[in-house]
Amino acid sequence: MNALSTKPYKGTRDYYPEEKRVQNHIFSTWANVAQRFGYEEYATPILEPLELFTAKSGQELANEQTYVFTDRGDRTVTIRPEMTPSVSRLVAGRRQEMAMPARLYSIANFMRYERPQRGREREFWQMNIDIFGVQSLEADAEIIEMAYQSMKAFGARDDMFTIRINNRELIDAMMYSYLKCDGVQAQLMIKLLDRKNKITPEEFRDQAIEIFGTEQAESGLMKLATLLQSRTIMDLPVEVRQHESAANMVRLFEVLTEAGIANAVFDPTLMRGLDYYTGTVFEVFDTHPDNARALFGGGRYDGLVGLFGVEPLPTVGMGLGATTMQQFLEVHGLLPDDVSTTDLYLVVVGEKALKGAKRLARELREEGVRVEVDITGRKFDKQLKAALKKRIPFLAFIGEEELRSETFILKDTKTTDEQVVDMSRMVSVVLDRRKKTTGDEFDDLFI
8 MNALSTKPYK
18 GTRDYYPEEK
28 RVQNHIFSTW
38 ANVAQRFGYE
48 EYATPILEPL
58 ELFTAKSGQE
68 LANEQTYVFT
78 DRGDRTVTIR
88 PEMTPSVSRL
98 VAGRRQEMAM
108 PARLYSIANF
118 MRYERPQRGR
128 EREFWQMNID
138 IFGVQSLEAD
148 AEIIEMAYQS
158 MKAFGARDDM
168 FTIRINNREL
178 IDAMMYSYLK
188 CDGVQAQLMI
198 KLLDRKNKIT
208 PEEFRDQAIE
218 IFGTEQAESG
228 LMKLATLLQS
238 RTIMDLPVEV
248 RQHESAANMV
258 RLFEVLTEAG
268 IANAVFDPTL
278 MRGLDYYTGT
288 VFEVFDTHPD
298 NARALFGGGR
308 YDGLVGLFGV
318 EPLPTVGMGL
328 GATTMQQFLE
338 VHGLLPDDVS
348 TTDLYLVVVG
358 EKALKGAKRL
368 ARELREEGVR
378 VEVDITGRKF
388 DKQLKAALKK
398 RIPFLAFIGE
408 EELRSETFIL
418 KDTKTTDEQV
428 VDMSRMVSVV
438 LDRRKKTTGD
448 EFDDLFI
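The working numbering puts the first residue of the sequence shown at 8, with every later residue one more than the last.
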């Protein structure tokens, strides 16, 4: 019999402790930002009826990228490929009881059957943030401000990323009032613009000609070029600029400027492919040449809650991907030092000291210190190597003499500095370091 493979399923990944620490750093930072804005955490099942996603998520996602199966009750279910329909269902279930506006966030895993590539996996983790019950663009601005603050919380500077913004109503004005597309042409053109940066200029031109048709192609391409050259709302053709959504976009940028956001820009090519968006759409882009890509995005979707037979709710939300966020932190050198979540490693010197070392560890844990005791009975040097390999910040040497005197040698594994301390001082040194490193002595509450 052949040995089983140690590799995870294609498009998924294992998270060893050092990798899980990075992920938890991202999760805890996200949760901190969400809670600072007054958002509360929720959760939904990983399995959902397939119809939840065929209703509004778009045919490519629902029919081609979902993991679908029939359960033992003969129900067609799918592993969730995204959160927006699920949270809409959750809110619709308590439409009358929930206080509005409802500010909600979750951090969860999803699965999509697509080709794995850099920044795109079949199983992926993301945070979803949504505000329900606010029709005004103040909700759009709040979500975009949270996107901005989520980047700043990791130490990102404004020049490291941009926030590209468009509006689906404005897009319709471009398609119908200006380009004179019919319904089919408009949908094809939106999909083409959505992948503009993924194909060559020649491919884009040829596909645009095919959409316009022979008679419309010459004038259509000229008009399309005018749209693509627009850098602000005021650069748009008058047929588009006089649309109500253009005035709303101008006001949105004013509100964002008031919030101190200077790196938000208008992007007429930004489409956001999912069918349920109804207003503002945006994406956060990395400006680093090694990772020039969209990191995450979101927008307004006012129609989903109403699909569940209740009164519709205006909604704005976004989804932040953990993998793309990690890649951003890596290329910009913003990842924190990799150290264990364990604070202290007790090196046991001599077999007779083990009982006392375990007693000391229990006392330290009661004081909030995270302690690992070496219970292997192995040689001194091997214990040291294990502590260093695990990247534990401190180690203490516990022998019979130390237990009798109740004083211990405490070693900082990064600086190699040593000091003789009693238990009280040991607790103080270890917890002070944790607080300085994480910014919160009780940071694990967010993980």
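Glycine is no exception: its CB is placed at the ideal position from the N, C-alpha and C atoms.
The model shown is predicted, which means the values in this text are computed figures rather than measured ones.
- In this structure, DSSP gives T383 a state outside helix and strand, which the three-state scheme calls coil.
- If only complete runs of 4 or more residues are kept, the region 61-122 shows the alpha helix (DSSP H) at 91-100, in order along the chain.
- Secondary structure note for I416: its beta strand (DSSP E) is the uninterrupted segment 415-419.
- Between T85 and E130, the C-beta gap is not smaller than 8 Å, which leaves the two residues out of contact.
- Between the region 217-234 and the region 104-114, the count of Cβ pairs shorter than 8 Å is below three; the stretches do not touch.
- For N135, the closest C-alpha among the options A329, D165, D179 is that of A329.
- With a contact defined as Cβ atoms closer than 8 Å, I172 and F289 qualify at about 5 Å.
- L235 is classed as exposed because its beta carbon has fewer than 16 other beta carbons within 10 Å across all chains shown.
- Considered as a whole, the region 246-305 harbours 271-273, 287-293 as its complete beta strand (DSSP E) runs of no fewer than 3 residues, in chain order.
- Here the alpha carbons of N298 and T13 stand approximately 30 Å from one another.
- When C-alpha distances from K17 are compared across A38, E104, E121, the shortest belongs to E121.
- The continuous beta strand (DSSP E) containing A403 extends over residues 401-405.
- Linking T383 to M158 through their CA atoms gives a straight-line distance of about 44 Å.
- In terms of Cβ geometry, G305 and G324 form a close pair [threshold 8 Å].
- Per DSSP, the continuous beta strand (DSSP E) segment holding N135 begins and ends at 130-139.
- By the criterion of a C-beta distance shorter than 7 Å, E209 is surrounded by no residue of its chain, once the five residues flanking it on both sides are discounted.
- The region 366-382 and the region 429-447 touch, with three or more beta-carbon pairs separated by less than 8 Å.
- Between the region 166-180 and the region 141-157 there are three or more inter-stretch CB-CB distances shorter than 8 Å, so the stretches are counted as touching.
- With contacts defined by Cβ atoms closer than 8 Å, F401 and I416 do not form a contacting pair.
- In the three-state reduction of the DSSP assignment, I53 falls in the coil class, being assigned neither a helical nor a strand state.
- Non-local beta-carbon contacts of P108 in its own chain, meaning distances under 8 Å to residues more than five positions away in sequence, involve I138, F139, G140, V141, A146 in chain order.
- For the pair F292 and T239, the CB atoms are not nearer than the 8 Å cut-off.
- Between G326 and I206, the alpha-carbon positions lie close to 25 Å from each other.
- G286 is classed as buried because its beta carbon has at least 16 other beta carbons within 10 Å across all chains shown.
- A contact is defined here as three or more CB-CB pairs under 8 Å, and the region 15-31 meets this definition with respect to the region 340-353.
- When DSSP states are grouped into helix, strand and coil, G190 belongs to the helix group.
- Contact annotation: A180 and S237 have beta-carbon atoms that are not nearer than 8 Å.
- For G310, DSSP assigns no beta-bridge partner whatsoever.
- When DSSP assignments are scanned along the region 198-242, the uninterrupted stretches of alpha helix (DSSP H) that are 4 or more residues long and fall wholly within it turn out to be 208-219, 221-235.
- Counting along the chain, the unbroken beta strand (DSSP E) around F168 starts and ends at 168-174.
- Judged by DSSP in its simplified three-state form, R127 adopts strand.
- In the three-state DSSP reduction, V346 falls in the coil class, being neither helix nor strand.
- Q133 has its alpha-carbon roughly 38 Å from the corresponding atom of K187.
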